[in-house]
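Chemist: One structure coming up, written as structure tokens, with questions to follow.
In our numbering, the protein residues as written are 523 to 660.
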């Protein structure tokens, strides 16, 4: 993983409306908070980390990630327990908030006009294949 990949991930995380997802009732007596968990799994998705073991080793080996997630180390069993205790409604609400934020800048510029689609050069977009797996239908 290159330095630019880490910078892109940090920029993506900074754009997320995570301040709305502070959950004191879910985080009571937990050192790994809901916002940190969401950041961690979004980072894992963006960097194509394929298992809890990979996430664990990436956090242990990188001080930047430790600072970003405010954790020195975490085990795969802790991640598994924390992931299983996270209500699906929180991730659903985060998704809805991101979609709402993406639609917001588009609306004022339309003013009765149909939006124009532009061609995107796909050679400049480097996305792992895992990102689109959830949308695959046979």
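Yeah, the Cβ is synthetic: ideal placement off N, Cα and C, and Gly gets one too. These numbers come from a predicted model, not from an experiment.
From the DSSP output, in three-state form, read off residue 608 for me.
Modeler: Working through the chain shown from its first residue, we reach residue 608 at position 86. Coil.
Chemist: Starting from the C-beta of residue 593, find all residues in its chain whose C-beta is less than 8 Å away, skip the five residues before and the five after it, and write them out in chain order.
Modeler: Position 71 of the chain shown, counted from the start, is the residue given in the question as residue 593. Excluding residues within five positions, the ones whose Cβ falls inside 8 Å are 553, 554, 558 and 581.
Chemist: Buried or exposed for residue 638, going by 16 or more other Cβ atoms inside 10 Å?
Modeler: Position 116 of the chain shown holds residue 638. Result: exposed.
Chemist: Taking residue 562 as the reference, which of 585, 590 and 541 has the closest Cα?
Modeler: If you number the chain shown from 1, residue 562 lands on position 40. Answer by Cα proximity: 590.
Chemist: Across the region 613-629 and the region 539-547, are there enough close Cβ pairs to call them in contact, namely three or more that are closer than 8 Å?
Modeler: yes
Chemist: Tell me the residue span of the alpha helix (DSSP H) that contains residue 561.
Modeler: The residue labelled residue 561 in the question sits at position 39 within the chain shown. Taken as a continuous stretch (DSSP letters only), the alpha helix (DSSP H) holding residue 561 covers 556-568.
Chemist: In terms of residue numbering, what span does the alpha helix (DSSP H) encompassing residue 577 cover?
Modeler: The residue labelled residue 577 in the question sits at position 55 within the chain shown. The continuous alpha helix (DSSP H) containing residue 577 extends over residues 574-583.
Chemist: Tell me which residues share the same chain as residue 596 and place their Cβ nearer than 7 Å to its Cβ, disregarding the 5 neighbours each side in the sequence.
Modeler: As a first step, residue 596 is located in the chain shown; it is residue number 74 there, counting from the start. Excluding sequence neighbours, residue 596 sits near 554, 578 and 581.
Chemist: Please report the straight-line C-alpha distance between residue 587 and residue 626, rounded to a whole angstrom.
Modeler: As a working mapping, residue 587 is identified with position 65 in the chain shown. As a working mapping, residue 626 is identified with position 104 in the chain shown. Residue 626 has its alpha-carbon roughly 31 Å from the corresponding atom of residue 587.
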